[in-house]
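Visitor: One rule links them: number in the numbering used here = place in the sequence shown (from 1) + 14.
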Amino acid sequence: LGNYEPHEFFNDLYHRFLLSSTSLAPGMKSSSMKSMCLQAMTIVYGKYAEQIGPFNDTRSIVQMLDRCIDRTERDRLLLFIQKLILNIRNVRDLIDCGGIKLLIQLMCLAHLHINRACVPLQTNVIESSSNMNRDSEKEWYYGKQDKEKL
15 LGNYEPHEFF NDLYHRFLLS STSLAPGMKS SSMKSMCLQA MTIVYGKYAE
65 QIGPFNDTRS IVQMLDRCID RTERDRLLLF IQKLILNIRN VRDLIDCGGI
115 KLLIQLMCLA HLHINRACVP LQTNVIESSS NMNRDSEKEW YYGKQDKEKL
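#1: Does the count of Cβ pairs from the region 84-98 and the region 54-68 closer than 8 Å reach three?
#2: Since E87 and K48 are thought to touch, with beta carbons under 8 Å apart, how far apart are those beta carbons, to the nearest angstrom?
#3: Identify which residue in H29, L98 and N25 has its Cα closest to the Cα of V76.
#4: Can you tell which of L32, D110, D26 and E19 has the C-alpha that lies nearest to the C-alpha of M78?
#5: For G67, which three-state DSSP category applies?
#6: Does DSSP put S34 in a helix, a strand or coil?
#7: Starting from E19, trace the alpha helix (DSSP H) both ways and give me its first and last residue.
#8: Buried or exposed: D107, going by 16 or more other Cβ atoms within 10 Å of its Cβ?
#9: Spatial neighbours of L100 within its chain, please: CB distance less than 6 Å, with the 5 preceding and 5 following residues excluded, ordered by chain position.
#10: Does N101 come out as helix, strand or coil in the three-state DSSP assignment?
#11: From which residue to which residue does the alpha helix (DSSP H) around M121 run?
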């Protein structure tokens, strides 16, 4: 962090994150600036959580996550919340503002994570062809009585 104190640097990043929708660098989208700030905040808070202390806007971060429509920003908010829970007061704030319910609702979107690795050629895929003869294969099943399938 150079000459910065972790708390001061973190607050500067958060301030830039909040202002990113109004004042943009030339040629830069608002969402990309917000995502970069969130990523930097996550790294800094992850390393210096004890020195920075509790984050006073946990409730606002949860509300942003609830209203977020950008996938990158959503993923970065989730990673930031993951680091925020290193502090017990942030955990209490997360619970008090309904963050647990929101996180449970988002669990069904876990497969849409933007950084998930793409496997170009999957070798574990079951294949079928027109020359395969299914009639010659035996069918296995459980049953109660004479060939009653369950």
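Positions of the beta carbon are idealized from the N, C-alpha and C atoms, including for glycine.
Guide: Per the coordinate set shown:
#1: yes
#2: Sequence index remark: in the sequence shown, residue 87 carries index 73 (1-based). Sequence index remark: in the sequence shown, residue 48 carries index 34 (1-based). Contact check for E87 and K48: beta-carbon distance about 6 Å, within the 8 Å limit, so the pair qualifies.
#3: In the sequence shown, the residue the question calls residue 76 occupies position 62. Nearest to V76 by alpha-carbon distance, out of H29, L98 and N25, is L98.
#4: As a first step, residue 78 is located in the sequence shown; it is residue number 64 there, counting from the start. Nearest of L32, D110, D26 and E19 to M78, Cα basis: L32.
#5: Translated into the one-based positions of the sequence shown, residue 67 becomes position 53. It is coil, neither helix nor strand.
#6: Locating residue 34 in the sequence shown gives position 20, where the first residue counts as 1. It is coil, neither helix nor strand.
#7: Here residue 19 refers to the residue found at position 5 when the sequence shown is read from its first residue. Careful: E19 lies outside any alpha helix (DSSP H) and carries neither H nor E.
#8: Taking the first residue of the sequence shown as position 1, residue 107 is located at position 93. Taking every protein chain shown into account, the CB of D107 has 16 or more other CB atoms within 10 angstroms, so this residue is buried.
#9: Numbered from its first residue, the sequence shown carries residue 100 at position 86. Result list for L100: A63, in chain order.
#10: Within the sequence shown, numbered from 1, the residue matching residue 101 stands at position 87. Reduced to three states, the DSSP call for N101 is coil.
#11: Here residue 121 refers to the residue found at position 107 when the sequence shown is read from its first residue. Run containing M121: none; DSSP gives neither H nor E here.
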